[in-house]
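J.: Encoded as structure tokens, here's the structure I'll be asking about.
There are 2 protein chains.
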Amino acid sequence: MHEGALSRGQMQAWALNRYYYQSHIPRKDAVVLSRSDDQGFRMAWRKRLIDHDGDGNRPGGVEKWLKLVEATGLPRIQAVRGDGILPATRYAVDAYVQFVSTRPHLQAVASSLTELFSHKLIALRMDRLREFYPWMASGLDYFTGRLTQAPEDADFALAWVVKHARTREEQDAAHAALRAKCDILWAMLDALFFAYVNPAWPPPGAFHPNHVDL
Amino acid sequence: MHEGALSRGQMQAWALNRYYYQSHIPRKDAVVLSRSDDQGFRMAWRKRLIDHDGDGNRPGGVEKWLKLVEATGLPRIQAVRGDGILPATRYAVDAYVQFVSTRPHLQAVASSLTELFSHKLIALRMDRLREFYPWMASGLDYFTGRLTQAPEDADFALAWVVKHARTREEQDAAHAALRAKCDILWAMLDALFFAYVNPAWPPPGAFHPNHVDL
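Top line first, the protein sequences correspond to chains F and L. Each residue of the first sequence is one higher than the one before, counting from 1 in our numbering. Each residue of the second sequence is one higher than the one before, counting from 215 in our numbering.
Here is the structure:
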């Protein structure tokens, strides 16, 4: 993606599949919130619900991702319905929600820490998308918002985990939770690569890029 | 309570036990929110998190209930820790959170509809508390807030349930969910009555009113 090597169809597949992830983030965060008996934590975490679902006046991240989908040329309804998303995308996202629902709360919070590393990546990605995929320029609001939201969220979560992971076992569990989240993101990307890059074998029922575009 | 027949110790037991319920309401609502794939629903339901946890400037319902606890003469830390609450209170509240976590989303929403009947009750209760328990007057902010919040919440939830309970089975299930919630509230009150009114046998470990007050 960052080298400009992807077709429009491949970008569509990415935006479409990633929408399933994005649309589950506020639900994931509500689960994390629901599991805390600490009102200060709940109030801080509520910011994420607003960031992703919007506040009625300003659109949230989910809506902005739909704009990104539309910028690739796909209709928003296809993303909303999840038509043609990879089963592997669904499994990985559902595993994430399941993880934060069932693991100790500390691990649920720690699993969000992948955002510690997203600031540089987002800035780079916006540059490269503008350079190589100028037809997507109208869909980049999501990233603009995350440039400030993600570091705020990650800083809060990191401080919270550092404070509450007191024993070596808790620290190891927090570390493992962050790795588990990396596994989830990685699995989503591998499935996309397999289906749409190499060997480019989408499974039955999955989105097929228009071959003219490829 | 509405006839002025309760001692200060009995009012303390009520406020203390009910705090366990109140403090779980924003967590219960976050569970309900987390289970919806409808962004409009999630945004509307988020109001409840703000109403109960506060917004950083204005205190929420949980904090206001602590003021009520303090107005009865108990220290807030006792409520926050749940020291001396009845096991039956804990079981009932936990059953409510479990209910909204595991039942179909429609039933989770329908279980909140007990608030349809709370407006008149709250208005009456405020009158009677002011009349018979004037020493509690500084703790009634919770009820003032709920006078407007509860009907708004109930109206939204009722309209939502009416719209989404399409089959007879769904309608029966919504009705059963409301009854299940009534059972939960009823069980909490019966346990309080048994422990602190008649026969007034608090179980081991439970709060004991000061006998001078009784």
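No residue lacks a Cβ here, since even glycine has one placed at the ideal position from N, Cα and C. Quick caveat, the model's predicted, so the values are computed rather than measured.
1) Quick one: grab the DSSP three-state call for ASN17(F).
2) CB SER111(F) to CB VAL100(F), shorter than 9 Å?
3) If distances are taken between C-alpha atoms only, which option among HIS378(L), VAL323(L), ARG339(L), GLN224(L) comes closest to LEU406(L)?
4) Mapping DSSP to helix, strand and coil, what is PRO289(L)?
5) Within 9 Å of any Cβ in chain F, is that where the Cβ of ALA379(L) sits?
6) In chain F, which residues lie less than 9 Å from GLY268(L) when you measure between Cβ atoms?
7) For ASP153(F), does the count of other Cβ atoms within 10 angstroms reach 16, so buried, or fall short, so exposed?
8) Between PHE421(L) and GLN226(L), is the Cβ-Cβ spacing less than 9 Å?
9) The region 191 to 209 of chain F: which residues have C-beta closer than 7 Å to a C-beta of chain L, in chain order?
10) Exposed or buried, what is ILE291(L) when buried is set at 16 or more other beta-carbons lying within 10 Å of its beta-carbon?
11) DSSP state of GLY82(F), grouped into three classes?
12) What residues in its chain sit with their C-beta under 6 Å from that of LEU178(F), if we drop five residues either side in the sequence?
13) Which residue's Cα is closest to the Cα of GLY419(L): GLY274(L), PRO301(L), SER221(L)?
14) Along the chain, which unbroken stretches of the alpha helix (DSSP H) at least 4 residues long are found entirely within the region 341 to 423 of chain L?
15) Is LEU282(L) closer than 9 Å to GLY353(L) when the C-beta atoms are compared?
16) Near SER347(L), which residues of its chain fall below 7 Å by C-beta distance, leaving aside the five closest residues on each side in sequence?
17) Would you check if the distance between the CB atom of ALA244(L) and the CB atom of TRP279(L) is smaller than 9 Å?
18) Look up MET11(F) in the DSSP assignment and say whether it is helix, strand or coil.
19) Find the residues of chain F that neighbour ARG260(L), judging by a C-beta separation of less than 8 Å, and give them in chain order.
20) Beta carbons nearer than 7 Å to chain F: which residues of the region 269 to 292 of chain L have them?
21) Quick one: give me the first and last residue of the alpha helix (DSSP H) that MET43(F) is part of.
22) Can a CB atom of chain F be found closer than 9 Å to the CB of PRO301(L)?
23) Would ARG81(F) and LEU263(L) qualify as a contact pair, given that the criterion is a beta-carbon distance under 9 Å?
T.: Once the coordinates are examined:
1) Correct three-state label for ASN17(F): helix.
2) Yes. Within cutoff.
3) Nearest C-alpha to LEU406(L): GLN224(L).
4) Residue state, collapsed to three classes: coil.
5) Chain F contact via Cβ: absent.
6) Per Cβ cutoff of 9 Å: GLN39, MET43.
7) Buried, since its Cβ has 16 or more Cβ neighbours within 10 Å.
8) By the CB criterion at 9 Å, PHE421(L) and GLN226(L) fall inside the cutoff.
9) Under the 7 Å Cβ criterion, the region 191 to 209 of chain F contributes no residue.
10) Exposed, because fewer than 16 other Cβ atoms sit within 10 Å of the Cβ of ILE291(L).
11) Residue state, collapsed to three classes: coil.
12) These residues qualify, in order along the chain: ALA110, LEU113.
13) Nearest option by C-alpha distance: PRO301(L).
14) Runs of the alpha helix (DSSP H) lying entirely within the region 341 to 423 of chain L and spanning at least 4 residues, in chain order: 355 to 378, 382 to 410.
15) Taking 9 Å as the cut-off, the Cβ atoms of GLY353(L) and LEU282(L) count as close.
16) Note that residue 347(L) is Tyr in the sequence shown here, rather than Ser. Here the set comprises MET225.
17) Going by C-beta atoms, ALA244(L) is not nearer than 9 Å to TRP279(L).
18) MET11(F): helix per DSSP, three-state reduction.
19) Ordered by position in chain F, the residues that pass the 8 Å Cβ test against ARG260(L) are ARG46, LEU49, ILE50, ASP53.
20) Taking 7 Å as the Cβ-Cβ cut-off against chain F, the residues of the region 269 to 292 of chain L that qualify are GLY270, VAL276.
21) Boundaries of the alpha helix (DSSP H) around MET43(F): 39 to 53.
22) By this cut-off, PRO301(L) is not an interface position.
23) At the C-beta level, ARG81(F) and LEU263(L) stay beyond 9 Å of one another.
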